[in-house]
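Chemist: Please read through the structure below; I'll follow up with questions.
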Amino acid sequence: RASVKKITTGSQALDGLLGGGIETRTMTELFGEFGSGKTQICHQVSVNVQLPPERGGLSGKALYIDTEGTFRTERIKAMASALGLEPKEVLQNIMSIRAINTDHQIAIVEELQDIIAKDNSIKLVVVDSITSHFRAEYSGRENLAVRQQKLNRHLHQLVRLAEIYDLAVIVTNQVMARPDMFYGDPTVAVGGHTLYHVPGIRVQIKKSRGNRRIARMVDAPHLPEGEVVFSITNTGIRD
Ligand code: GTP
Ligand code: MG
């Protein structure tokens, strides 16, 4: 694990929970309810990966697969400016691709192999969200087995990319909150479950007061479980 690199999230507390930041060679799943901040973290890490190592980045580029049409260039620019980076340049180093359905999403990831093999400056791949198209297209109990099989294959391709090319993969997964969720089994929730069958790091994001959010590490293989608080501010993810 010595060769694993980390990308800062912008929050020291969240970085601490992650053992220093978002790791390369691993898939990190961010799961939580709507508005919890999953997309905001994806935007922030897409900016931060471009920072030099002494500022918590990898001097790398990002590839952002947007399945819900929530990628915001203005938000990227604001986050870049706040770090003293050139907004236009930062935006150019994030290749955003809109995936319109599951087949498209799968095809994009299959083509990534070639793109990344040619451009070794890509250090982050985001899929926001990994599950939305799958849930919409394969709804109903009778489709569950096919859905899980297709999704599993897709996820394992992403994990392989992370391992082969020493890059970070972040996927988001909207999971509805329910009153007993935080006391019950966190991997089973109304509206879906986390990707517990795939290797990687799982972080639950919960809403707190105002712009405060709680991040909770869930069954991490090499990290202690715990909770931290961070904020979503106008300049991005902060303590
Ligand atoms: P879903 O995709 O619906 O599951 O939600 P999500 O978890 O991706 O939530 P998202 O990251 O979109 O978080 C949205 C929240 O981030 C908003 O409700 C705001 O609280 C916060 N936010 C977004 N943009 C800004 C901004 O420019 N300034 C500040 N202060 N907060 C922002
Ligand atoms: Mg989102």
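Mapping of the sequence shown onto the UniProt record's numbering: residues 83 to 321, in sequence order. We put the CB at the ideal spot given by N, CA and C, even for glycine.
So, are the CB atoms of ALA144 and ILE204 less than 9 Å apart?
Modeler: For the 9 Å CB-CB criterion, ALA144 and ILE204 form a contact.
Chemist: Could you tell me whether the region 175-185 touches the region 135-153, using the rule of 3 or more Cβ pairs below 8 Å?
Modeler: yes
Chemist: Take ASP267 and list the residues in its own chain whose beta-carbon comes closer than 8 Å to its own, dropping the five residues that flank it on each side.
Modeler: In this predicted model, ASP267 has a pLDDT of only 40, less than 50, meaning its place in the structure is not dependable; the value taken from the coordinates is given anyway. So the list is empty, once near-sequence residues are dropped.
Chemist: From the DSSP output, read off the bridge partner residues of ARG223.
Modeler: In DSSP, ARG223 forms no bridge with anything.
Chemist: What do you reckon, is the C-beta of GLN286 under 8 Å from a heavy atom of the ligand NAD?
Modeler: Only the ligand GTP and the ligand MG can be found as ligands here, which leaves the ligand NAD out of the picture.
Chemist: Give me the Cα-Cα distance between HIS236 and GLN132, rounded to the nearest whole angstrom.
Modeler: Rounded to the nearest angstrom, the two C-alpha atoms are 26 Å apart.
Chemist: Between the region 303-313 and the region 135-144, do at least 3 Cβ pairs fall closer than 8 Å?
Modeler: no
Chemist: Tell me the DSSP secondary structure of LYS120 in three-state form.
Modeler: helix
Chemist: How is the alpha helix (DSSP H) around GLY98 delimited, first residue to last?
Modeler: 94-99
Chemist: In whole angstroms, what is the alpha-carbon distance linking PRO169 and THR108?
Modeler: 28 Å
Chemist: Taking 8 Å as the threshold, find out whether the region 205-219 comes into contact with the region 90-97 through three or more Cβ pairs.
Modeler: no
Chemist: Can you check which of these residues, LYS200, ARG284 and ILE246, is closest to GLY101 by C-alpha distance?
Modeler: ARG284
Chemist: Give the straight-line distance between the Cα atoms of ARG298 and ILE252, rounded to the nearest whole angstrom.
Modeler: Straight across, the Cα-Cα distance linking ARG298 with ILE252 is about 16 Å.
Chemist: Determine the DSSP secondary structure at PRO268, reduced to helix, strand or coil.
Modeler: Model confidence at PRO268 stands at a pLDDT of 40, short of 50, so the residue's coordinates are unreliable and nothing is read from them.
Chemist: Look at the Cβ atom of GLU245, then the Cβ atom of LEU99, and state whether they are nearer than 9 Å.
Modeler: no
Chemist: Can you list, in chain order, the residues of its chain with a C-beta nearer than 7 Å to that of residue 322? Leave out the 5 residues immediately preceding and following it.
Modeler: Residue 322 lies beyond the residue range present for the chain, which begins at 83 and ends at 321; the question has no answer from this structure.
Chemist: I'd like to check one pair, ILE158 with VAL129: are the Cβ atoms closer than 9 Å?
Modeler: yes
Chemist: Can you tell me which residues form a DSSP beta bridge with SER178?
Modeler: Paired residue(s): TYR146.
Chemist: With distances taken Cα to Cα, identify the nearest neighbour of PHE113 among GLU171, VAL300 and HIS304.
Modeler: VAL300
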